[in-house]
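Chemist:
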Amino acid sequence: MTRFKKITDKQLEKINIRLWRVGSCLLGMTALFQQVGNDPCFNGEEIYGIGQLLKPLSEEVSTLYNHLENGHYEPEEDKEDEIDED
Numbered sequence: 001m002t003r004f005k006k007i008t009d010k011q012l013e014k015i016n017i018r019l020w021r022v023g024s025c026l027l028g029m030t031a032l033f034q035q036v037g038n039d040p041c042f043n044g045e046e047i048y049g050i051g052q053l054l055k056p057l058s059e060e061v062s063t064l065y066n067h068l069e070n071g072h073y074e075p076e077e078d079k080e081d082e083i084d085e086d
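Taking this note's numbering, the leading residue of the sequence shown gets 1, the next gets one more, and so forth.
In structure tokens:
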């Protein structure tokens, strides 16, 4: 795919970090719903809170998809994704 030639290694690393964050958040949320032997019961505020977590996660996935689909990464859209270069 030639469109990925436009993305630099540093930009790809930032995309990977953002995808890792999304994946970690989703795994944490999955654990809430997979408590074996428990009878999870969520009240209205907790359900609202879960929705508040899912909305930015879905927006992040959509943004990353667009970066990859278009073959470029817009640095101005970074959300504090500074990479330490030790």
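Built from N, CA and C at the ideal position, the CB exists for glycine as well.
Bear in mind that the values here come from a model prediction, so they are computed numbers and not experimental data.
1. Residue range of the alpha helix (DSSP H) that Tyr-65 falls in?
2. Is there contact here, the stretch 7 to 16 with the stretch 41 to 59, by at least three beta-carbon pairs under 8 angstroms?
3. Compare the Cα-Cα distances from Gln-52 to each of Arg-18, His-67, Met-29 and report the closest residue.
4. Looking only at its own chain, which residues have a Cβ that is under 7 angstroms from the Cβ of Leu-26, when we skip the five neighbours before and after it?
5. When we look at the beta-carbon of Lys-6 and count the other beta-carbons within 10 Å, is it buried (16 or more) or exposed?
6. Roughly how many angstroms lie between the CA atoms of Gly-71 and Leu-64, to the nearest whole one?
7. Taking the continuous alpha helix (DSSP H) assigned at Lys-14, which residues delimit it?
8. Straight-line CA distance for Leu-32 to Asn-66?
Modeler: According to the data block:
1. Counting from one through the sequence shown, the residue named residue 65 turns up at place 65. Run containing Tyr-65: 44 to 70, per the alpha helix (DSSP H) assignment.
2. no
3. Residue numbering aside, residue 52 sits at position 52 when the sequence shown is read from its first letter. The option with the nearest alpha carbon to Gln-52 is Met-29.
4. Translated into positions along the sequence shown, residue 26 becomes position 26. These residues qualify, in order along the chain: Leu-57.
5. As a first step, residue 6 must be located in the sequence shown, where it is residue number 6. It is exposed - the Cβ of Lys-6 has fewer than 16 other Cβ atoms within 10 Å.
6. On the sequence shown, residue 71 is found 71 positions in, with the first residue counted as 1. On the sequence shown, residue 64 is found 64 positions in, with the first residue counted as 1. The alpha-carbon atoms of Gly-71 and Leu-64 are separated by roughly 11 angstroms.
7. Position 14 of the sequence shown, counting from 1, holds the residue named residue 14. First-last of the alpha helix (DSSP H) with Lys-14: 9 to 33.
8. Here residue 32 refers to the residue found at position 32 of the sequence shown. Here residue 66 refers to the residue found at position 66 of the sequence shown. Going by the C-alpha atoms only, they are around 29 angstroms apart.
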